[in-house]
Every structure is written in C-alpha cells, then in structure tokens.
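Read left to right, the sequence shown gives residues 729 to 1103 (the working numbering). Yeah, the Cβ is synthetic: ideal placement off N, Cα and C, and Gly gets one too.
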Amino acid sequence: MDERRKMDWRGFGPAMTGPKTVDLVRASLGAALGLVLAGLALQGLGLGWLIAPLGASAVLIYAVPNSPLAQPWSVIAGNTLSALVALALLAALPQGPWVAPLAVGLAIITMLAGRALHPPGGAVAFLVEMNGSLDWHLTLVPVMAGSALLVGVGMVWNRAVGRVYPFRQPAQPGAHGTQDPTPEARIGLDPAELAAILNEYRQSANLGVADLARLVGAAEQAAAARRMEGFTAADIMSRDLVTVGPEAPLGQVADIFRKRGFTSLPVVEGERLLGVIFQIDLIRRAREDAFRQHKSLISALARLIDTHRARPPRASEIMTTGVPQVTPATPVGALLPLLADGGAEAVPVVEGAAILGIVTRTDLVSALAQRLALA
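Here is the structure:
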C-alpha cells in the first residue's frame, strides 16, 4: 500500500493540550454555579427550569470564554433563533421523523446568517421539535431568559477569576480607554486583515479577531526575543542605584524624582528589596487623600510631600510590592512582555533577596535600538 494512503491514527487522538489545574477549577465550578443560579432565577420568575442544551452553553461560557461561539450574542441570539425556527416548523409542517433534523439544519443556517453560531442552538431546535409544544411563550421565554442569565453570571464569574468575558473586540477601547491598539500591535496586521485571514481559512467560528491578534502579537514578540539572544538583564541594567529605605518620607521621594528624573525608585532594607515606588503611586495616593479630605489634587499632593508634618507619610506606605523580578542571567527577550504597555514600568534585577540593578523601559528601548543598528 502507498505510504501516503495509510491511515494516520494520530488524528483520532486528543487535539487539545492538557488543561492547567486552575482552568479545571474555573470551568467546572463556574459552569455549576452559573447553571444553579440561572435555574433558581428562572424558577423565581415563574419561568420553569433550565433545558438540557443550556448545559452545553455553560461549557462554552465557562470553559472557553474567548471562543466566538461563547460570546453573549452567539449564546442568546443563537439559542433563541434556533427555538424560533423549530416553533415555525412545528406550526407549518406535519409531525414526522424528518422534521427535527430539518429544524437543526435550518437553525444552523439561521444562526450563521445572524452571525450567532452557537452549537447548543442545534440541540435547542431538536429539543423543541421533539417536544412538539406550540406554546411560543412557554418555549421562547425560558430559552431566551435562561441563556441571558447564564451569560450574566458568566460575566461576573469570569471577571472574578481573572478572565475577560465578553472577550474584548478590536473596536472597543484599549487598556488606556482609547481606540489605539497597544504599541506592540500598531505595526502588525489591522483587524480587517486579520478578519480576512480567518475567513479565508474558514476559522472565524473557532477563533475571534481579538484572539488572533493576541496570538500574532505573541508570536512577533517571541521572534523579537529570539533576535535579542545573547543580551541579558545584566548587560542593560542600571547598576548605580539610588534607593530609599522604608521609613523615607515621601517628600524625600518626590525630591529624588524631581532632581534625578526617575520614574521608579527601589525601596530597600540593607540590600534586600522591599518594593518599588513609581511616580504614579504618589499621584494615586494624593488623589485618594483629595477625595477623602475634600481637597484639590494639588493641595493634597503638596500636603503628601510636606516634610514639616508631625508624621509625614513614609515610602513603605505607598510602595508597590510583588513587582516582577528577574535575575542577571534573564534574557532581554524575556523582559519584553514584562515591560510592554500596561505592564511594569521597571523590573528589578535581583540575586536572592538582594537587588543588583534595575531595567527600565528606556533601558530596553536602548538595547533594542542597539541590536537593530548592529543587524
């Protein structure tokens, strides 16, 4: 037999990577909680109980919330349109074993036309057709309400466990509330080009434009990191550090920022790193004081850095702890995601608990420019 004609049985094996423990917990607990709360709400509203296909909807909302098939429009409109199709066929055609499959086929067409493809919608159409009830109110309302309730709980749950749902689309504001894409995405493909690629390869139902943009950005970032091979944090870090102790008054911190032009300042005890103060930390604290004391931001900031107060605020009160840290041997490429837009402004370089240096965005940009000049 021609080797090329042999069956490759590997195609029948798992196509997905193994899940992380946190994904197992988030998906299982979320789906169970969402179904319980949605079912109780339906009962409380006198709308009956959940129908079986909503269990499949819960799998998508809580296990793969980034999928286009799991987005609110797909869930609510997809299930509702499928129920409408099945009810219309019940009213127009005599009962027969071929009607339920026809309902599923027409539901798929309707969902695709409405840009609301949701696989459980096929089960909704099949179930409504097999049930045979022409009570439009008792059929449509529980489907629509149950789908909406699952989505609502999913929005709260996914946000609580650190995921974004609904998944942010490219046309929505970015991390800073503007329409600009992130800096690393501005030189890549625009959303229209990404959408065209998904359509060309028939992947628009499996992967959203925002997800593809994120994957392309990650791949480009990995490629940039590879071009930076040979550079380490030790090569580009600032070594002659200016630091303050945890008891340093904020007036002293503000003076260092003003005189040195720094945007970050390590807080140390001996050689041990305790945290980092960023300029924005001063502004945030002043803003909180202004609201609490009913003062202007300027007067609150002036009072915050006043060294003549009986007990001026100290560095330890506003420093950021738990900042990302690297070692001297960390490749510069690994610093790219840490210092990307919306991430850390500076990354301490440590050995054990002792701070040896710090890498800022300016340091990273200089290193990239140098490597590009040598290329």
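query                                                                                                                                                                                       : result
Exposed or buried, what is GLU857 when buried is set at 16 or more other beta-carbons lying within 10 Å of its beta-carbon?                                                                 : buried
Could you please give the first and the last residue of the uninterrupted alpha helix (DSSP H) stretch that includes GLU1016?                                                               : 1007-1021
Is it right to say TRP826 is buried, meaning 16 or more other beta carbons lie within 10 angstroms of its own, or is it exposed?                                                            : exposed
Does the Cβ-Cβ distance between GLY1003 and VAL944 come in under 8 Å?                                                                                                                       : no
Is the beta carbon of HIS846 sitting closer than 8 Å to the one on SER802?                                                                                                                  : yes
Identify, in the order they occur along the chain, each residue of the same chain with its Cβ nearer than 7 Å to the Cβ of HIS904, setting aside the five sequence neighbours on each side. : Note on HIS904: pLDDT 45, under 50, position unreliable in the model; the coordinate value appears next. So no residue of the chain qualifies.
Would you call the stretch 785-797 and the stretch 812-830 in contact, with 3 or more CB pairs under 8 Å?                                                                                   : no
Note down, in chain order, each residue of its chain lying with its Cβ closer than 8 Å to the Cβ of VAL996, except the 5 sequence neighbours on either side.                                : THR971, VAL972, GLY973, LEU1002, ILE1083
Within 10 angstroms of its Cβ, does THR1049 collect 16 or more other Cβ (buried), or is it exposed?                                                                                         : exposed
Quick check: what's the CA-CA separation for ILE789 versus TRP885?                                                                                                                          : 10 Å
Report the residue ranges of all alpha helix (DSSP H) runs contained in full by the stretch 766-813; include only those spanning at least 4 residues, in chain order.                       : 781-791
Nearest to GLY1080 by CA position, among THR1090, PRO1056, PRO822, is which residue?                                                                                                        : PRO1056
Taking 6 Å as the limit between beta carbons, can you name the residues of its chain near VAL832, skipping five residues before and five after?                                             : GLY850, ALA853, PHE854
When you compare the CB of PRO994 with every CB in chain D, is at least one pair closer than 8 Å?                                                                                           : Structure shown: chain D not included; a single protein chain is present.
Going by beta carbon distance, what residues of the same chain come within less than 8 Å of LEU763, once the five residues before and after it are set aside?                               : LEU778, LEU782, GLY783, ALA786, LEU878
Counting C-beta neighbours from all protein chains within 10 Å, is the total for VAL1087 16 or more, i.e. buried, or is it exposed?                                                         : buried
For the putative contact between ASP711 and ILE964, defined by C-beta atoms under 8 Å, what is the C-beta separation to the nearest angstrom?                                               : In the structure as shown, the chain starts at 729 and stops at 1103, and residue 711 therefore has no counterpart that could be examined.
Just to confirm the assignment, what range does the beta strand (DSSP E) spanning SER875 have?                                                                                              : Not the beta strand (DSSP E): SER875 falls in the alpha helix (DSSP H), residues 864-888.
With DSSP as the reference, label SER1044 as helix, strand or coil.                                                                                                                         : helix
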